[in-house]
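Comments concern the structure below.
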DNA sequence: AGCCGCCATGAAAACGTTTACGTTTGCGCC
DNA sequence: GGCGCAAACGTAAACGTTTTCATGGCGGCT
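Chains as they are written, first to last, in our numbering: chain A, 1 to 354; chain B, 1 to 354.
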């Protein structure tokens with residue numbers, strides 16, 4: 001056993017051929033006799049030869065690595081997203097360089113810059129990116145795909161979650177289930193998802209419950225804000241028949257406020273959230289919500305990016321939108337466990353470690 | 001704007017110095033006049049020069065990247081672990097190459113091999129690794145740290161969660177709270193964590209409730225198996241006074257079985273789990289459990305690895321163990337919300353996206 | 001005044017590949 | 001038997017750095 005790793009030269013010498021031939025064989029370029037190929041392969045595996053990626057990247061200009069820049073995501077959302085990306089990347093023989101937990105635009109910029117030259121393309125998921133940001137921090141010709149972003153770029157494809165349609169579907173369900181007065185607990189004003197969800201609520205109310213006054217209480221996506229919103233809603237007269245929160249955590253906070261006040265859910269008031277976090281099905285009563293197919297988002301984004309890397313596949317920037325499904329559980333008094341929109345089986349709760 | 005990126009040669013030419021001097025300035029090696037430094041820096045930033053990582057790696061043999069090979073982890077555990085690793089890596093100027101969702105030894109082996117030459121070191125978290133696996137798949141001299149692994153290696157440091165001590169602490173708490181007959185729902189027989197937790201249960205019972213017969217029901221970490229175990233436990237005579245499940249999901253399944261049977265928790269029977277998953281505090285009653293500081297695990301592992309990369313810091317293989325805290329909630333009738341073991345503030349539930 | 005040594009700098013080798021280009025070989029065809 | 005062509009293979013340049021070593025100049029010391 002030598003202490004240094006074998007290089008292509010070692011293989012060439014040992015196989016009595018030139019380095020060019022070794023390279024040709026190992027990259028399957030052809031122009032080499034089957035016999036020579038056999039010998040080269042044998043020697044290569046005998047020496048346990050692995051091509052040096054740095055040298056290869058240097059000459060080819062490709063790294064076979066894609067970078068993912070993600071914000072400070074929590075729990076399921078983060079893990080599902082990475083899962084989707086990772087699986088798709090592996091299927092394409094790409095590696096995944098991750099930089100997560102970015103809070104603030106400077107942080108995100110640093111992450112993007114640090115990846116320069118290390119990746120062939122980037123997946124960027126950050127509320128801080130806009131056209132100027134990209135212009136400034138992204139190398140001229142680097143392919144990139146934006147996730148869940150309001151940016152409309154002619155250069156980069158954007159993949160969004162159809163928050164608006166999800167919200168519309170849920171409001172429609174609530175109204176059709178007999179709850180005309182649907183109140184809404186909004187998310188942070190600056191958050192893109194929150195904005196879209198509120199738009200969906202407004203649009204759906206206008207369409208499916210025309211003439212019913214809108215009730216909107218501010219929230220910020222935290223359980224705490226949901227709790228406060230819940231208490232506030234109980235003071236409204238007339239009391240709304242249903243509450244739709246812009247995310248599950250707020251819905252849960254709201255649920256606690258109702259419980260505390262002795263208000264029965266769904267008997268006295270119906271409740272629904274958004275995201276379908278794992279907890280949603282474990283609170284009492286289980287929470288109706290809008291499910292987002294996060295892993296799909298990651299997978300689609302990666303495939304989109306992979307297509308850009310391959311000059312053969314012609315691609316153009318576009319904004320694509322991934323649908324949501326509504327999941328009806330007891331909290332809104334619907335038929336239990338019925339899923340209304342077309343849905344895919346979802347990963348069931350599982351142990352942390354297998 | 002040229003179409004190609006500036007190289008060190010461009011900078012050298014433009015600044016009327018040699019490439020060597022540019023390199024020296026940009027790497028802060030000294031031996032260059034302040035005036036020259038100034039000029040070089042100016043030119044470099046004017047040309048927007050970014051050193052090519054491939055070329056740099058080729059000559060230095062370092063990538064400033066570490067690889068993380070992870071199994072099919074779920075939700076919080078995965079995201080917290082990555083968070084810990086990522087934060088520590090960023091602090092050290094290291095990049096993170098992730099390969100997750102590995103099921104099976106072949107999968108893990110492929111992941112490890114694929115990282116060859118792309119990373120300076122590896123973090124390996126997989127129940128499939130053993131001494132032979134490492135011997136076979138890991139390059140001779142590549143530093144690596146093993147997470148949550150039974151492997152005792154003289155070559156690689158191992159970082160474990162102190163499952164045993166956590167279990168002991170919880171059993172002790174249950175017994176001291178007046179529940180002598182503590183039953184245990186075990187995890188998968190082959191799972192390292194599950195084994196350690198069971199050992200802890202056995203040891204603690206022997207020590208703190210000597211003479212009390214052990215009651216152990218099989219489970220496999222799923223909610224379903226916890227439910228079945230719960231039903232089985234209700235048939236035991238005498239009925240145990242407390243149930244300790246090897247993870248939270250089983251405890252929750254068990255809780256549902258008890259609810260269904262009209263058994264009050266904690267009135268009729270106390271209940272505790274392990275992991276402190278987010279759901280634990282949202283079920284009714286909130287679940288007592290053992291908290292694992294996952295982000296800490298990731299951070300420690302990375303720092304350990306970083307130390308190995310630096311030849312200056314002398315390091316030797318060792319097995320280190322990270323403590324757990326027990327978190328007492330209503331499900332075991334303890335003083336509500338009291339945390340017994342020393343604990344750190346934990347990230348509170350937060351919105352999926354901020 | 002001469003010498004020694006240090007400091008700033010430059011020239012060039014080295015890292016391990018891929019690939020453009022040139023050379024040999026074998027073969028078929030006239 | 002000579003000629004040309006294609007297939008197989010080799011040579012060497014190129015990629016963009018870091019780093020070793022050599023060189024020249026300058027100041028201080030004897």
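Where a beta carbon is used, it is the ideal one built from N, C-alpha and C, also for glycine.
Interface criterion met: the Cβ of residue 283 of chain B is under 8 Å from a Cβ in chain A. For residue 55 of chain A, the chain B residues whose C-beta falls within less than 7 Å of its own C-beta are 58, listed in chain order. Look at the region 74-104 of chain B and you find these whole runs of beta strand (DSSP E), each 3 residues long or longer: 95-102.
Contact annotation: the region 70-77 of chain B touches the region 90-108 of chain B, with at least three C-beta pairs closer than 8 Å. Residues of chain A whose Cβ lies closer than 8 Å to the Cβ of residue 101 of chain B are, in chain order, 83, 86, 87. For residue 121 of chain A, the enclosing beta strand (DSSP E) begins and ends at 121-124. Closest in alpha carbon position to residue 11 of chain B, among B/29, B/47, B/33, B/4, is B/47. Rounded to whole angstroms, the separation of the alpha carbons of residue 209 of chain A and residue 302 of chain B is 55 Å.
Residues of the region 97-123 of chain B with a C-beta less than 9 Å from any C-beta of chain A: 97, 98, 99, 100, 101, 103, 110, 111, 113, 114, 115, 116, 117, 118, listed in chain order. At a C-beta separation below 9 Å, residue 271 of chain B has no neighbours in chain A, since its nearest C-beta there lies roughly 14 Å away. Of all residues in the region 183-195 of chain A, only 187, 188, 191, 193 come within less than 8 Å of chain B when Cβ atoms are compared, listed by chain position. Annotation for residue 316 of chain B: no alpha helix (DSSP H) segment contains it, and DSSP assigns it neither H nor E. Membership of residue 22 of chain B in any beta strand (DSSP E) is not indicated; the residue belongs instead to the alpha helix (DSSP H) covering 19-26. In the three-state scheme derived from DSSP, where H, G and I count as helix and E and B as strand, residue 325 of chain B is classed as strand. Judged by their CB atoms, residue 138 of chain A and residue 112 of chain A are nearer to each other than the 8 Å cut-off. Separation of the CB atoms of residue 28 of chain B and residue 64 of chain B is rounded to 16 Å, and the pair is thereby denied contact status at 8 Å. Scanning its chain for C-beta atoms nearer than 7 Å, with the 5 sequence neighbours on each side dropped, one finds around residue 43 of chain B the residues 11, 14, 15, in chain order. Here the alpha carbon of residue 67 of chain A sits roughly 7 Å from the alpha carbon of residue 115 of chain A. Residue burial is scored here from C-beta neighbours: residue 272 of chain A has at least 16 other C-beta atoms within 10 angstroms and is therefore classed as buried.
Going by beta carbons, residue 81 of chain A and residue 298 of chain A fall inside the 8 Å limit.
Closest option to residue 316 of chain A, judged by alpha-carbon separation, among A/19, A/157, A/234: A/157.
Residue 196 of chain A carries a helical assignment under DSSP once its states are collapsed to helix, strand and coil.
Judged by beta-carbon spacing, residue 186 of chain A lies beyond the 8 Å limit of residue 176 of chain A, meaning their Cβ atoms are not closer than that value.
DSSP places residue 288 of chain B in the strand class (E or B) of the three-state scheme. When CB distances to chain B are screened at a threshold of 9 Å, not a single residue of the region 233-244 of chain A falls below it.
Under the DSSP definition of a beta bridge, residue 67 of chain B partners with B/97, B/122.
The beta-carbon of residue 218 of chain A is placed no less than 8 Å from the nearest beta-carbon of chain B.
In the structure shown, the three-state DSSP call for residue 58 of chain B is helix. Leaving aside the five residues that flank residue 319 of chain B on each side, the residues in its chain whose CB is nearer than 7 Å to its CB run, in chain order, 152, 158, 160. Contiguous alpha helix (DSSP H) elements confined to the region 238-264 of chain B occur at 248-260, taking only those with 4 or more residues.
In this structure, residue 170 of chain A lies away from residue 219 of chain A, with their beta-carbon atoms at least 8 Å apart. Considering only B/32, B/296, B/275, B/293, the residue with the shortest C-alpha distance to residue 287 of chain B is B/275. Using beta-carbon distances, residue 78 of chain A counts as an interface residue toward chain B, with a partner under 8 Å.
Contact of residue 287 of chain A with chain B is not assigned, every C-beta pair being separated by 8 Å or more. Against residue 263 of chain B, chain A offers no close residue; the least beta-carbon distance is about 16 Å (beta-carbon pairs closer than 9 Å). Going by C-alpha positions, residue 229 of chain B is about 37 Å away from residue 85 of chain A.
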